[in-house]
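Going line by line, the protein sequences match chains A and B.
One point on numbering: in numbering that gives the first Met the number 0, the residue at position 63 of the first sequence is 62, and numbering is uninterrupted.
One point on numbering: in numbering that gives the first Met the number 0, the residue at position 187 of the second sequence is 186, and numbering is uninterrupted.
Glycine included, every Cβ here is placed at the ideal spot set by N, Cα and C.
From a predicted model like this one, the values you see are computed outputs, not experimental measurements.
To keep things clear, I will list the structure first and then write my remarks on it.
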Amino acid sequence: MTEVLLEAKAVSKRFGGVVALKNIDLVQHRGETLGMIGPNGSGKTTFVNLISGHTRLSSGSIAFDHVSLAGKNPSQVAKAGLTRTYQAVRVFGELTVRENVATALVDARVRLGAEAVDELADWLRISHRYEARAGGLTLMEQRQLELLMRLVQQPKLMMLDEPVGGLSSSEVRTMIGLLSELKSRCTVFVIEHTMKVIRELADKVVVLMAGEKLAEGSPTDILADQRVIDRYLGTADA
Amino acid sequence: MTQSFKTGGRIQGHSANLLLLAGFAIVAFVLPIALSGNRYLAFVAGVTMIHILWACGMNLLYGYTGLMPLMFAGIAGISAYTVVDLTANGWSFWLALPVGALAASITGTVLGLPSLRLKGFYFTLCSLVIQTVMTLGFIYFSGLTNGDTGFSQIPLPSLRGEPLSSLSYDLVLAAAAVLGVMVLIAIMRSTLGRRLIAIREDDELAAMLGINVTGYKMIAFFVGSLFAGVGGALYAPYIGFISPRSFDVLISMNIWLMVAFGGRGTIWGPVLGAALLAPLSFFLQEYYTIKDVLYGALIIAVIVLMPAGLLGSLGRTPRLPAAEIDAPVPRRSPK
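Laid out in structure tokens, this is it:
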């Protein structure tokens, strides 16, 4: 088996009296695409927030690339090589695409040359929009820019929070194509509440349900898992 | 059409900036000499230079980093009082100036700490309270500040035992203003400028891209307060009189207005704003009551009519129309 990249042990998060996550254990190996599914409110985004340093753990521990992430803020987590996207797309709307990318390069873990940036931008099909104001791009283009801004930092792990949310069905197909190629560039962790994306991308799936881990396994196992079908896939949410 | 990341971009804008800087430097240095026959007008020009320096500092914080510090004048006051106290104790002005400016920078950095927690309007409110407390402090610690009376007859600094002539000090002020603009241009060309703009636009996203938001906010406060401090130190001997009212919230608002009126987040907008508004207050001196009304009206006009300011409205490249939206609109058929 390959090397462990991300390891969460007994991760819990309480917001006041509400338990958002309860004793989540999770292991992701380098190069393995991990999908996390679950209905709205099951704690998927909270889990990513805990790892990226946006929220503090209530208990448990998280290690990334053999280093504990305890007490690290988002910029330190980013410097460690872990990056994420947001469920609602987030770019610097008033700046041009070029300025957005230049900003991503300023404190990148690894300095990337202009040619390598162009290669990534061409691959993401966004290089013709360098001079456009990011706020004026379509949602799809903003998502492409978001990926570009992460990739120029050469992350070890990219966590995607609902990467196809709000896209049209043809755009979803394009995005799935991009994401499956992305897997060769860095390790990917993807959150979705639909099975479609997960089935095509993930090597391993974790199902969250009301803050607890309901099941874990390969996409085919998960699709056949009776508990998952009863409690999630069989319902209207999926 | 594929473009390259490296080529294009901001080179053109930079040569324009250097050209404008050269023009500004010529005007700044020629003006005191041209006006040396009319002491009053030369004095107005000198005070304008100090305000240009202040506007650059305010612009760094408000225009580029997105923090509106209404205690800016108070920070300038820290430096002014420090310099006056030190020179009264026999220090050379030229030694007291960096000490005073540094005192202002450290004060500004500490007083900027609430900005790490409070965003936007909430920080502005907090800074308003800080400014009020500072004004009260200037009155209360009368041992250092001479209270409400303030200090008068502050002499112009001397060089090699000889007091500077008014003209030479005017040139010092011009040099300070030009240097201030130069420093701002240099900062905004550097990666520090990129980081500050990123923090202004979305500090959470900036952090996620590896930018140390806390650290760079503090650096912004340190540098911005340095502008305030140098201006405050130069201001005291030029006017010859300082009191708590010289550094109260109205002064902060004035400096803010210069930045907002001229165009926040542009190099030349605040310079223009200061160059227009600082002399205006002199020329309206006789209509003292009207002056405040006019300033108030101007604030409202700027916010309503030109939210981006004079140069912000003129200089902004027209926005490209958004491409056709291809995202699905969730539609539910009415039942």
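Is the Cβ of D84(B) closer than 8 Å to any Cβ of chain A?
Counted from its first residue, the second sequence places residue 84(B) at position 85. No, D84(B) lies away from the interface with chain A (no Cβ there is under 8 Å from its Cβ).
Under 8 Å between C-beta atoms, does E243(A) make it to chain B?
For chain A, the structure presents residues 0 to 237; residue 243(A) sits outside this window and is missing.
Establish whether the CB of L208(B) and some CB of chain A are separated by less than 8 Å.
Translated into positions along the second sequence, residue 208(B) becomes position 209. Yes, L208(B) lies at the interface with chain A (some Cβ there is under 8 Å from its Cβ).
Quick one: is G197(B) near chain A, going by C-beta distance under 8 Å?
For the purposes of this step, residue 197(B) is taken as the residue at position 198 of the second sequence. According to the sequence provided, residue 197(B) is Ala. The question's Gly does not apply to it. Chain A contact via Cβ: present.
Alpha carbon to alpha carbon, how far is D220(A) from K216(B)? Give it in angstroms, no decimals.
Looking up residue 216(B) in the second sequence gives position 217. Looking up residue 220(A) in the first sequence gives position 221. Cα to Cα, the separation comes out at about 49 Å.
DSSP-derived helix/strand/coil call for E200(B):
Here residue 200(B) refers to the residue found at position 201 when the second sequence is read from its first residue. The answer is helix: DSSP assigns E200(B) an H, G or I state.
8 Å Cβ cutoff met for T144(B) and G73(B):
Position 145 of the second sequence, counted from the start, is the residue given in the question as residue 144(B). Position 74 of the second sequence, counted from the start, is the residue given in the question as residue 73(B). For T144(B) and G73(B), no; Cβs fall outside 8 Å.
Grouping DSSP H, G and I as helix and E and B as strand, with all else coil, what is H238(A)?
The structure shown does not extend to residue 238(A), since chain A is modelled only from 0 to 237, so the question has no answer here.
Residue of N48(A), V66(A), Q75(A) minimising C-alpha distance to V212(B):
Indexing the second sequence from 1 puts residue 212(B) at position 213. The closest CA to that of V212(B), considering only N48(A), V66(A), Q75(A), is found on Q75(A).
So, is the C-beta of K8(A) closer than 8 Å to a C-beta in chain B?
Stepping through the first sequence from its first residue, residue 8(A) is reached at position 9. Taking Cβ atoms only, chain B never reaches closer than 8 Å to K8(A), which makes this a no.
If I measure Cβ to Cβ from S332(B) and keep anything under 8 Å in the same chain, skipping five residues before and after, which residues do I get?
Start at 1 with the first residue of the second sequence, and residue 332(B) comes out as number 333. A caution first: S332(B) carries a pLDDT of 43, below 50, which makes its placement in the model too unreliable to give a value.
Would you mind sorting Q143(A) into buried or exposed? The rule is 16 or more other CB atoms within 10 Å of its CB.
As a position in the first sequence, residue 143(A) is number 144, starting the count at 1. Q143(A) is buried by the Cβ-count criterion.
Cβ-Cβ distance between L4(A) and L200(A) below 8 Å
Numbered from 1 along the first sequence, position 5 holds the residue referred to as residue 4(A). Numbered from 1 along the first sequence, position 201 holds the residue referred to as residue 200(A). In this structure, L200(A) does not lie closer than 8 Å to L4(A) by Cβ.
So for Q86(A), helix, strand or coil by DSSP?
In the first sequence, residue 86(A) corresponds to position 87, counting from 1. Note: Q86(A) maps to coil in three-state DSSP.
Check the Cβ of N72(A) against every Cβ in chain B and list those closer than 9 Å, keeping chain order.
Against the first sequence, residue 72(A) aligns to sequence position 73. What N72(A) touches in chain B: A206, N211, V212, T213.
Starting from G107(B), trace the alpha helix (DSSP H) in both directions and tell me its first and last residue.
For the purposes of this step, residue 107(B) is taken as the residue at position 108 of the second sequence. Start and end: 92-110.
Going straight from the alpha carbon of P68(B) to that of I266(B), what length do you get?
What you label residue 68(B) is simply residue 69 of the second sequence in a count that begins at 1. What you label residue 266(B) is simply residue 267 of the second sequence in a count that begins at 1. Cα to Cα, the separation comes out at about 18 Å.
Can you check whether the C-beta of R193(B) is within less than 8 Å of a C-beta belonging to chain A?
Looking up residue 193(B) in the second sequence gives position 194. Yes, because at least one Cβ of chain A sits closer than 8 Å to the Cβ of R193(B).
Tell me which same chain residues have a C-beta within less than 7 Å of the C-beta of D291(B), skipping the five on either side of it?
Reading the second sequence from its first residue, position 292 is the one you call residue 291(B). So no residue of the chain qualifies.
For T123(B), collect the residues of the same chain with a Cβ closer than 7 Å to its Cβ; drop the 5 residues on either side in sequence, then sort them by chain order.
Position 124 of the second sequence, counted from the start, is the residue given in the question as residue 123(B). So the list reads M67, L69, once near-sequence residues are dropped.
For L310(B), name the three-state secondary structure that DSSP assigns.
One-based indexing of the second sequence puts residue 310(B) at position 311. Of the three classes helix, strand and coil, the one that applies to L310(B) here is helix, per DSSP.
Measuring only the C-alpha atoms, how far is M35(A) from L213(A)?
Locating residue 35(A) in the first sequence gives position 36, counting from the first residue. Locating residue 213(A) in the first sequence gives position 214, counting from the first residue. Roughly 11 Å separates the two Cα atoms.
With 16 as the cutoff for other CB atoms within 10 Å, does T148(B) come out buried or exposed?
As a position in the second sequence, residue 148(B) is number 149, starting the count at 1. Result: exposed.
Assigned exposure category for V151(A) - 16 Cβ within 10 Å defines buried
In the first sequence, the residue the question calls residue 151(A) occupies position 152. So V151(A) ends up on the buried side.
G62(B) to I302(B), Cα distance in whole Å?
Here residue 62(B) corresponds to residue number 63 of the second sequence, with the count starting at 1. Here residue 302(B) corresponds to residue number 303 of the second sequence, with the count starting at 1. Whole-angstrom Cα-Cα distance: 14 Å.
Pick from Q141(A), V47(A), Q86(A), V171(A): whose alpha carbon is nearest that of L33(A)?
Locating residue 33(A) in the first sequence gives position 34, counting from the first residue. With distances taken between Cα atoms, L33(A) lies closest to V47(A).
What does DSSP give as the partner residues of P236(B) in its beta bridges?
Residue numbering aside, residue 236(B) sits at position 237 when the second sequence is read from its first letter. Beta-bridge pairing links P236(B) to no other residue.
Quick check: the stretch 157-166 of chain B against the stretch 98-106 of chain B, are there 3 or more CB pairs under 8 Å?
no
Are there 16 or more other CB atoms within 10 angstroms of the CB of I32(B), so buried, or fewer, so exposed?
Locating residue 32(B) in the second sequence gives position 33, counting from the first residue. Classification of I32(B): exposed, given that the 10 Å Cβ count is below 16.
Let me see if you follow: with CB-CB separation under 8 Å, is F42(B) close to chain A or not?
By 1-based counting over the second sequence, the position of residue 42(B) is 43. Taking Cβ atoms only, chain A never reaches closer than 8 Å to F42(B), which makes this a no.
State yes or no: is the C-beta of N99(A) within less than 8 Å of the C-beta of H192(A)?
Against the first sequence, residue 99(A) aligns to sequence position 100. Against the first sequence, residue 192(A) aligns to sequence position 193. No, they are not a contact pair.
Do the CB positions of F246(B) and G76(B) come within less than 8 Å of each other?
Mapped onto the second sequence, residue 246(B) falls at position 247. Mapped onto the second sequence, residue 76(B) falls at position 77. In terms of Cβ geometry, F246(B) and G76(B) form a close pair [threshold 8 Å].
Going along chain B, which residues have a C-beta under 8 Å from Q152(A)?
What you label residue 152(A) is simply residue 153 of the first sequence in a count that begins at 1. Neighbours of Q152(A) on chain B, chain order: L208, G209.
Spatial distance of L117(B) from L34(B) (CA atoms)
Numbered from its first residue, the second sequence carries residue 117(B) at position 118. Numbered from its first residue, the second sequence carries residue 34(B) at position 35. Rounded to whole angstroms, L117(B) to L34(B) spans 46 Å at the Cα level.
Distance check for L166(A) and V270(B), CA to CA, integer angstroms please.
Numbered from 1 along the second sequence, position 271 holds the residue referred to as residue 270(B). Numbered from 1 along the first sequence, position 167 holds the residue referred to as residue 166(A). C-alpha separation (whole angstroms): 45 Å.
Kindly say whether M148(A), judged by its beta-carbon, lies nearer than 8 Å to any beta-carbon of chain B.
For the purposes of this step, residue 148(A) is taken as the residue at position 149 of the first sequence. So, interface residue.
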